[in-house]
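The structure under discussion appears below in the form of structure tokens.
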Amino acid sequence: MTELYDYDYLLQRVRDALPDAVKHHERFEIPKAEVLHEGKSTIIRNFVSIAKRINRDPMHVYKYLMRELGTAGTIQGERLVLKGRISPSLVQRRIERYVSTYVLCSECGSPDTELRKEGRVELLVCKACGAVRPVQAKIDVRTTTETLKEGKIYEVEITDLSRDGDGIAKYGNYVVYVPGARKGQSVKVKILKIKKNAAFAEVVS
Ligand SMILES: [Zn+2]
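Under this note's numbering, the final residue of the sequence shown carries the number 217; numbering is consecutive throughout.
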């Protein structure tokens, strides 16, 4: 009965039991951009193949790169020609960010996904595990640097309760304490006092 304890055998059995998508994505590698500079231009030689490899419309990838790299460019056959000299590593990082934002399933890591529009929301639908998540094109820098000011009114969502029973909301980097507010409520509050990252507020109607 040695086969029961044969590690390779057991491993193979586990692998066989995995859905195909999981096995495949182990092999998925973010395509490497072949970047070269010509005069004042940056050329991604294999641009269209990259888009095909990640199963996305080249125009979608193109628009993303233009926005993220803050430059202009044109697709010429297989190549993308960008204005300005952009470092190959920056180009690669942006492509990787595109893939993690618009391609990879955040649940199972599979690249076997598709983009779908639901009203104004863009969704990433995973064909491997069925997970659906909204695409977040950019981390919202605004909310993380948002500042509160004493005496001003803000709309916050109470997501928790403090030990004393005060409502707690997160606002940018602040924790806002709102006495009398209930969890799940969205309330308008006036900031009374700020101490470092803690803000003390009261509900206004
Ligand atoms: Zn998935």
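Glycine included, every Cβ here is placed at the ideal spot set by N, Cα and C.
- Contact between A213 and I203 holds: CB atoms are separated by about 5 angstroms, below the 8 angstroms threshold.
- S122 is classed as buried because its beta carbon has at least 16 other beta carbons within 10 Å across all chains shown.
- Linking Y114 to V103 through their CA atoms gives a straight-line distance of about 16 angstroms.
- The chain-ordered list of residues whose CB is nearer than 5 angstroms to some heavy atom of ligand 1 reads C117, E119, C120, S122, C138, A140, C141, A143.
- One thing to note: G177 has its Cβ no nearer than 8 angstroms to the Cβ of Q197.
- Partner residues in the beta bridge of Q88, as assigned by DSSP, are R91.
- I206 is not a Cβ neighbour of E158, given a cutoff of 8 angstroms.
- For the options I165, A210, L136, the alpha carbon positioned closest to that of K182 is the one of A210.
- At a cut-off of 4 residues, the continuous stretches assigned as alpha helix (DSSP H) that sit fully inside the region 153 to 204 are 153 to 157.
- Beyond the five residues adjoining it in sequence on each side, E134 comes within less than 8 angstroms, by CB distance, of L127, R128, P146, V147, A149 in the same chain, given in chain order.
- Restricting attention to V187, I107, E41, the CA atom closest to the CA of K208 is found in V187.
- In the three-state reduction of the DSSP assignment, A63 falls in the helix class, which pools H, G and I.
- Here L92 is buried. Its C-beta has 16 or more other C-beta atoms within 10 Å.
- Comparing alpha carbon positions, the residue from T54, S217, E167 closest to R97 is T54.
- Of all alpha-carbon atoms in L81, I107, E108, the one lying nearest the alpha-carbon of K95 is that of L81.
- Only buried fits R68, as 16 or more other CB atoms lie within 10 angstroms of its CB.
- For G85, the closest alpha carbon among the candidates K164, C120, K52, S174 is that of K52.
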